[in-house]
Amino acid sequence: MCFCDSDAEVSSIVLQNLGQILPPKLEYLNMSLVMNTNDFIIFLQNSQNTFIKKLIFSNIINGTREKVGQDDMLYYIKEYIMKKRRVKYFAFLNLFTDNYDKEELYDLKDEVKEFKLHDIVVQNYNDLRISRFIEFLKEY
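Mapping of the sequence shown onto the UniProt record's numbering: position 105 corresponds to residue 105, and the numbering continues sequentially without gaps.
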């Protein structure tokens, strides 16, 4: 699986523009995008006035963990989401396309504890996402 430049372009447009049109309160937001750190920061800055009960990000990364290395997204998540207590439930997943490997915030136990100190529950990506719309409707 490989995502082309047009996927990255659409993801960039979404991240650069969505934050400024979100309402002050949102129950659920799930985004699976090809994210670069600069666009992600723009989204976080533009959505600072929005509280999101359940926020889920899947960052699709072309390549493998070894090729890509680590980036600073966790730092910005802590700065803009954790410290400002902008969400109640949170999941973040890096998905590497070359070998279908994944890296989840939920698996980083020390980080999960740190988020908990800020009243944010970090959950497994698949547990938090709504996989079937009917289940979601029954909940509300």
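Glycine residues also receive a C-beta, built at the ideal position from the N, C-alpha and C atoms.
{"Check": "Local conformation of M31 per DSSP, three classes", "Outcome": "strand"}
{"Check": "Beta-bridge partners of E111, as assigned by DSSP", "Outcome": "Note: E111 sits in no beta bridge, so no partner."}
{"Check": "Opening and closing residue of the beta strand (DSSP E) in which L74 lies", "Outcome": "Unbroken run through L74 is the alpha helix (DSSP H), 73-77; no beta strand (DSSP E)."}
{"Check": "Simplified DSSP assignment, three categories, for residue 146", "Outcome": "Nothing about residue 146 can be reported from this structure: the residues present for the chain run from 1 to 140 only."}
{"Check": "Separation of D98 from N36, as counted between CA atoms", "Outcome": "17 Å"}
{"Check": "Distance CB(L18)-CB(F43) smaller than 8 Å", "Outcome": "yes"}
{"Check": "Identity of the residue in S32, L22, I60, M73 nearest I52 by Cα", "Outcome": "L22"}
{"Check": "Contact check, S58 vs S32, beta carbons under 8 Å", "Outcome": "yes"}
{"Check": "Beta-carbon gap between L105 and E114 smaller than 8 Å", "Outcome": "no"}
{"Check": "Neighbourhood of E27 by C-beta, 6 Å cutoff - its chain only, sequence neighbours within 5 removed", "Outcome": "K53"}
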